[in-house]
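Heads up: the sequence shown is residues 100 to 415, going by the numbering used here. Using N, Cα and C, we set each Cβ at its ideal position, and we do this for glycine too. A short write-up of the structure that comes next.
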Amino acid sequence: MRVLIVKVSSLGDIIHTLPAVTDAYRAHPNLSFDWVVEENFTEVPSWHPAVNNVIPIAIRRWRHNLLNTYLNREFGTFKRKLQGVHYDLVIDAQGLIKSGLISRLSRGLTVGLSNSTIREPLAALFYNKAYSVSWDDHAVDRVRQLFSRALNYNYEQYPLDYGIDLENKLRVVKAKKSHIVFLHGTTRVGKYWPKEKWRYLAGIATGYGYDVFLPWGTPDEKDRAEFIGKGNLNVKILGRKSLSDLAAFIISSKGVIAVDTGLGHLSAALSKSTVSLYGPTNPELCGTYGHNQIHLELDNEPNYVWDQFEKLTNGM
100 MRVLIVKVSS
110 LGDIIHTLPA
120 VTDAYRAHPN
130 LSFDWVVEEN
140 FTEVPSWHPA
150 VNNVIPIAIR
160 RWRHNLLNTY
170 LNREFGTFKR
180 KLQGVHYDLV
190 IDAQGLIKSG
200 LISRLSRGLT
210 VGLSNSTIRE
220 PLAALFYNKA
230 YSVSWDDHAV
240 DRVRQLFSRA
250 LNYNYEQYPL
260 DYGIDLENKL
270 RVVKAKKSHI
280 VFLHGTTRVG
290 KYWPKEKWRY
300 LAGIATGYGY
310 DVFLPWGTPD
320 EKDRAEFIGK
330 GNLNVKILGR
340 KSLSDLAAFI
350 ISSKGVIAVD
360 TGLGHLSAAL
370 SKSTVSLYGP
380 TNPELCGTYG
390 HNQIHLELDN
400 EPNYVWDQFE
410 KLTNGM
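Below is the structure:
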């Protein structure tokens with residue numbers, strides 16, 4: 100049975116879908132999944148052994164130059180690739196108008212969440228069948244319930260398994276000394292933790308003998324990383340990395356301290372001890388989800404954050 104998943108973005112939302120793939124594959128080992136995803140995130144679905152084919156889409160890039168997209172026939176190429184296979188089932192796991200449109204472009208029976216249980220209710224107009232799932236459940240479990248109903252197997256909340264093939268898909272970095280990863284970058288100002296607090300926290304961590312690794316993805320994040328590490332030789336600013344390389348650094352770390360960011364969800368998916376700081380987001384509904392996760396409020400001070408990190412990583 101061949102199934103198409105439509106979950107194009109964001110990084111955290113894509114990661115949230117992986118456990119549903121694991122559940123479905125365990126229930127029906129004959130399943131083969133294809134996945135439509137934004138071109139910047141194609142690595143993530145490829146980490147799961149049940150995903151046979153990743154189909155990149157470039158909505159974020161195309162919408163900045165629609166004329167060029169039309170003239171260079173890039174969308175037409177995507178459409179032909181999407182329609183080149185007849186799917187037994189197409190699951191819109193995102194519930195947005197754009198994902199509904201993509202689902203409808205494909206060839207197969209299209210399903211998703213009902214108009215009362217998705218962010219953009221009009222998306223449900225594109226489905227042949229829709230299912231209602233409670234808003235009170237975590238985003239990971241909502242997607243898992245959608246898959247279980249669409250593919251007709253019993254949903255069980257535990258065990259939770261993101262299904263990432265660590266042995267064959269990711270290369271683990273062997274660091275010279277124990278390190279911690281600070282995930283300081285995020286997409287909204289309301290989710291930032293002050294850079295002065297990050298710098299103070301880095302001083303605490305390096306004072307205990309750790310190296311601190313700082314990834315970045317934008318010029319602003321690079322500037323913040325340089326501020327955090329200024330004058331501290333044990334703070335390492337990473338170069339631009341692929342998601343697979345960042346995953347490798349996270350796997351080999353002592354643990355992670357993060358704000359509300361997609362990379363924090365990656366850390367949780369890798370079962371890495373993570374302390375996450377949340378502002379406007381309700382972590383009970385869409386926070387990091389998995390083993391060894393602590394959620395703190397964004398207004399906490401560095402000393403308390405470090406105390407919670409030590410308790411988590413030392414099993415206290």
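query: Going by C-alpha distance, which of Ile190, Val232, Lys294 and Ala149 is nearest Pro401?; result: Lys294
query: Taking the alpha-carbon positions, what's the Asp260 to Leu117 distance?; result: 8 Å
query: For Asn129, which residues in the same chain have their Cβ closer than 7 Å to its Cβ, ignoring the five residues on either side in sequence?; result: Met100
query: Can you tell me the Cα-Cα spacing of Gln182 and Arg172, whole angstroms?; result: 15 Å
query: If I measure Cβ to Cβ from Leu204 and keep anything under 8 Å in the same chain, skipping five residues before and after, which residues do I get?; result: Lys178, Leu181 and Gln182
query: I'd like the span of the alpha helix (DSSP H) that includes Asp344, first residue to last.; result: Leu342 to Ile350
query: So what's Lys268 in DSSP terms, helix, strand or just coil?; result: helix
query: Near Ile349, what residues of its chain come up, given a Cβ to Cβ distance below 7 Å and the 5 sequence neighbours on each side ignored?; result: Val280, Val355, Leu365, Ser366, Leu369 and Lys371
query: Quick one: complete beta strand (DSSP E) runs, 3+ long, within the region 216–293?; result: 228–230 and 278–282
query: Distance check for Trp405 and Leu300, CA to CA, integer angstroms please.; result: 7 Å
query: Identify the residues that DSSP records as bridge partners of Leu395: which are they?; result: Leu376
query: Would you decide whether Asp310 is buried or exposed? Buried here means 16 or more other CB atoms lie within 10 Å of its CB.; result: buried
query: Counting only the same chain and skipping the five closest in sequence on each side, list residues whose C-beta sits under 6 Å from that of Pro379.; result: Gly289
query: So, for Ser277: in the same chain, excluding its five sequence neighbours on each side, which residues have a beta-carbon less than 6 Å away from its beta-carbon?; result: Tyr309 and Lys353
query: Can you list, in chain order, the residues of its chain with a C-beta nearer than 6 Å to that of Ala222? Leave out the 5 residues immediately preceding and following it.; result: Gly194, Leu195, Ile196 and Gly199
query: Quick check on His115: does DSSP put it in helix, strand or coil?; result: helix
query: Near Ala119, what residues of its chain come up, given a Cβ to Cβ distance below 6 Å and the 5 sequence neighbours on each side ignored?; result: Val242, Arg243 and Phe246
query: Counting only the same chain and skipping the five closest in sequence on each side, list residues whose C-beta sits under 8 Å from that of Ser145.; result: Val153 and Lys268
query: Tell me where the beta strand (DSSP E) around Pro155 begins and ends.; result: Val150 to Ile156
query: Determine the extent of the alpha helix (DSSP H) in which Gly354 is found, giving its start and end residues.; result: Note, Gly354: premise wrong, no alpha helix (DSSP H); beta strand (DSSP E) at Gly354 to Val358.
query: On the criterion of 16 or more Cβ atoms from any shown chain inside 10 Å, does Pro318 qualify as buried, or is it exposed?; result: exposed
query: Given a cut-off of 8 Å, decide if His283 and Ile327 are closer than it, judged by their beta-carbon atoms.; result: yes
query: So for Trp134, helix, strand or coil by DSSP?; result: strand
query: Using only alpha-carbon positions, find the residue among Tyr186, Ser202 and Gly386 that is nearest to Ile156.; result: Ser202
query: Please go through the same chain and pick out, in chain order, the residues whose beta-carbon is closer than 6 Å to the beta-carbon of Val358, but skip the five residues on each side of it.; result: Thr285, Lys290, Trp292 and Leu376
query: Starting from Thr209, follow its DSSP beta bridges and name the residues at the other end.; result: Val189
query: From Asp398 to Val374, what does the alpha carbon distance come to, in whole angstroms?; result: 14 Å
query: Let's test the definition: count the other Cβ atoms within 10 Å of the Cβ of Glu137 and tell me whether it reaches 16, buried, or not, exposed.; result: buried
query: Assuming His147 and Tyr388 make a contact with CB atoms under 8 Å, what is their CB distance in whole Å?; result: The Cβ separation is near 16 Å, so there is no contact.
query: Would you mind giving the Cβ-Cβ distance between Lys329 and Leu313, rounded to the nearest angstrom? I have them listed as a contact below 8 Å.; result: The Cβ separation is near 11 Å, so there is no contact.
query: What first and last residue would you give for the beta strand (DSSP E) that runs through Leu103?; result: Arg101 to Val105
query: Around the Cβ of Leu332, are there at least 16 other Cβ atoms within 10 angstroms (buried) or fewer (exposed)?; result: exposed
query: Under a Cβ-count criterion, where at least 16 other Cβ atoms within 10 Å of its own Cβ denotes burial, should Ser108 be classed as buried or exposed?; result: buried
query: Looking at C-alpha atoms only, which residue of Arg159, Phe140 and Val239 is the closest neighbour of Ser341?; result: Phe140
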